[in-house]
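For what it's worth, the numbering used here labels the leading residue of the sequence shown as 7, then goes sequentially. Remarks on the structure that follows.
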Amino acid sequence: MVIVMGPDATQEDVEAIVEIIDTAGGDAFVSRGVSRTIIGLVGDVAQFATLNLRGMRGVADVMRVTAPYKLVSRDNHPERSTVRVGGVPIGPGTVTLIAGPCAVETPQQTLEAAQMARAAGATLLRGGAYKPRTSPYAFQGLGEAGLRILADVREQTGLPIVTEVVDAHDVELVASYADMLQVGTRNAQNFALLQAVGGIGKPVMLKRGMNATIEEWLMAAEYIAQRGNLDIVLCERGIRTFETATRNTLDVSAVPVAQRLSHLPVIIDPSHSGGHRDLVLPLTRAAIAVGADGVIIDVHPHPEQALCDGPQALVDGDLDELARVMREFPPLLGKIAA
Ligand code: E4P
Ligand code: PEP
């Protein structure tokens, strides 16, 4: 456990903490930094939890660094990381737009969606060839034929590809086409899949499980990191709540929380969280304002014919506004669109 003292904490405040920990049978190690004092606690964490340390004078924060994730933890890596996908940065200082069709349906539809994405300022192309569907009767994706279409469209547009892999057995195949592998919300705790993508040597976008706590999300990332791959981008895509007015509830607070706990970049998916096109631009603005390192957005040339998630896809008429948001919002936060 670690206690971060506030900038105004006095010597007496620090000594009071050391004393209470001592009385509880633990050890407190005081380290005085330039602007803050940090107190590391060793001993019975459950016992410390009963002491109301957070309420003591001078305490700014109490953190459990017994957190089981280590490689993705910010404690072990104070600088926030940048992940590069085909040369495109995702990380602090930039806001990266990833856009494209939810599902790859035809070469023409994918190319048109990629052109829409590029017109809005996207530097990476999204598109699913393997679709994780609720219904076994729904369109499941074109599989390898879809990956070939994505590769052709990359050739034509120059946009590197982000695409989902849903099965550990397909990781090698998908990685042979993709610039970045996506692990979706439904597979966010498929540990065999996480280990497989961790071992393949390509950047990974890990969506938050729709029922996962932030700690569970970071533990999932740790599975990937533990296989030697630290090129991981976290994606908040909405969680299940009692609210039914939106498809999922976008947890904007997950961005600063995950960025505080982990050095990994954090992006937002306003399409799958809101589930409706009218919500995508407002949630994109919110994403940039809260400090997200990027957004991933569905676009479709003919959403009324889409085989997956048409209602949440942006259309031609939305692109000018998306481009404006991408141009004007990041500089307000000292960032640039990547
Ligand atoms: C899209 O990307 C997902 O596959 C989709 O959101 C799944 O949802 P559904 O199968 O319930 O439509
Ligand atoms: C997707 O982005 O294509 C997707 C399936 O998203 P999610 O896993 O967030 O539902």
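Glycine included, every Cβ here is placed at the ideal spot set by N, Cα and C. Model, not experiment: these values are computed from the prediction.
1) Report, in whole angstroms, the separation of the C-beta atoms of V10 and D67, which I expect to be a contact under 8 Å.
2) Nearer than 7 Å: is that true of the beta carbon of H83 relative to any heavy atom of the ligand E4P?
3) Kindly examine the ligand E4P and report whether one of its heavy atoms sits closer than 7 Å to the Cβ of K137.
4) For L338, count neighbouring Cβ atoms within 10 angstroms of its own Cβ and tell me buried if that reaches 16, exposed if not.
5) Might you give, ordered along the chain, the residues of its own chain that have their beta carbon closer than 6 Å to the beta carbon of I167, omitting 5 neighbours on each side?
6) Report the option in A144, V180, G99 and M211 whose CA atom is closest to the CA atom of R154.
7) Comparing C-alpha positions only, which one of C314, I274 and E249 sits nearest to L148?
8) With DSSP collapsed to three states, give me the class of R38.
9) How about I220 and V263: are their beta carbons less than 8 Å apart?
10) Measure from the alpha carbon of I104 to the alpha carbon of each residue in M216, V48, F145 and Q188, then state which is nearest.
11) Check whether the stretch 80-93 and the stretch 19-34 are in contact - that is, three or more C-beta pairs closer than 8 Å.
12) Measure from the alpha carbon of A52 to the alpha carbon of each residue in R70, R38 and G46, then state which is nearest.
13) Report yes if the C-beta of D257 is less than 7 Å from at least one heavy atom of the ligand PEP; otherwise report no.
14) Output the boundary residues of the alpha helix (DSSP H) element that contains A184.
15) Starting from V20, trace the alpha helix (DSSP H) in both directions and tell me its first and last residue.
16) Could one say the Cβ of T88 lies closer than 8 Å to chain B's Cβ atoms, at least one of them?
17) Considering only the alpha carbon of each residue, which of Q162, K137, N82 and G127 lies closest to Q114?
18) Three or more C-beta pairs closer than 8 Å, one from the stretch 233-245 and one from the stretch 42-51: is that the case here?
19) So does E111 have its beta carbon nearer than 7 Å to some heavy atom of the ligand PEP?
20) Going by Cα to Cα distance, which pick from R266, V65, R80 and P138 is closest to V20?
21) For M62, I'd like the list of residues in its chain whose CB is within less than 8 Å of its CB, leaving aside the five on either flank, ordered along the chain.
22) State yes or no: is the C-beta of D275 nearer than 7 Å to some heavy atom of the ligand PEP?
23) Mapping the DSSP letters down to three states, classify L240 as helix, strand or coil.
24) Going by alpha carbons, who is nearest to A292 out of T112, S259, K137 and P307?
25) Using a Cβ-based criterion (distance less than 7 Å to any ligand heavy atom), does D176 qualify as near the ligand E4P?
26) Going along the chain, which residues of its own chain have a beta-carbon closer than 6 Å to the beta-carbon of I206, five neighbours each way excluded?
27) Please tell me whether L256 and L289 are closer than 8 Å, where the distance is taken between their beta carbons.
28) Between which two residues does the alpha helix (DSSP H) carrying A345 extend?
29) What are the start and end residues of each continuous alpha helix (DSSP H) run of 4 or more residues lying completely inside the stretch 113-182, in chain order?
30) Kindly provide the ranges of any beta strand (DSSP E) runs that are 3 or more residues long and lie completely inside the stretch 237-277, ordered along the chain.
31) Just the Cα atoms here: how many angstroms apart are R283 and P13?
32) What first and last residue would you give for the beta strand (DSSP E) that runs through I44?
33) Within the same chain, show all residues whose beta-carbon is closer than 8 Å to that of D173, passing over the 5 residues directly before and after it, in chain order.
Short version:
1) Rounded, the Cβ-Cβ distance is 4 Å, consistent with contact.
2) For the ligand E4P, not one heavy atom lies less than 7 Å from the Cβ of H83.
3) Yes; taking the cut-off as 7 Å, the Cβ of K137 has a heavy atom of the ligand E4P nearer than that.
4) L338 comes out exposed.
5) Non-local C-beta neighbours of I167 in its own chain, meaning closer than 6 Å and more than five positions away in sequence, comprise L131, L156, R160, A184 and D185, ordered along the chain.
6) Nearest in C-alpha terms to R154, of all of A144, V180, G99 and M211, is V180.
7) Comparing alpha carbon positions, the residue from C314, I274 and E249 closest to L148 is C314.
8) The answer is strand: DSSP assigns R38 an E or B state.
9) Yes, the Cβ-Cβ distance between I220 and V263 is below 8 Å.
10) Minimum Cα distance to I104 is reached at Q188.
11) No, they do not touch.
12) Comparing alpha carbon positions, the residue from R70, R38 and G46 closest to A52 is R70.
13) No; taking the cut-off as 7 Å, the Cβ of D257 has no heavy atom of the ligand PEP nearer than that.
14) No residue range can be given for A184, since it is assigned to no alpha helix (DSSP H) and is classified by DSSP as neither H nor E.
15) Q17 to T29 is the extent of the alpha helix (DSSP H) around V20.
16) Given the protein chain composition of this structure (a single chain), no chain B is represented.
17) Residue Q162 is the option with its Cα nearest to Q114.
18) In short, these stretches do not touch, since the Cβ pair count stays below three.
19) Within the chosen limit of 7 Å, the ligand PEP does not reach the beta carbon of E111 with any heavy atom.
20) Closest option to V20, Cα to Cα, is V65.
21) Contacts found: D19, A22, I23 and I26.
22) Short note on D275: C-beta closer than 7 Å to some heavy atom of the ligand PEP.
23) Taken through DSSP and simplified to helix, strand or coil, L240 comes out as strand.
24) The shortest Cα separation from A292 among T112, S259, K137 and P307 belongs to S259.
25) Outside the cutoff, so no.
26) Only V177 and A181 meet the Cβ criterion.
27) Closer than 8 Å, so yes.
28) Not covered by the structure: residue 345. The range shown for the chain is 7 to 344.
29) DSSP runs (the alpha helix (DSSP H)) wholly in the stretch 113-182: 113-125 and 150-163.
30) Qualifying beta strand (DSSP E) stretches, in chain order: 238-242 and 272-274.
31) Going from the Cα of R283 to the Cα of P13 covers about 45 Å.
32) The continuous beta strand (DSSP E) containing I44 extends over residues T43 to V48.
33) These residues qualify, in order along the chain: Y136 and L199.
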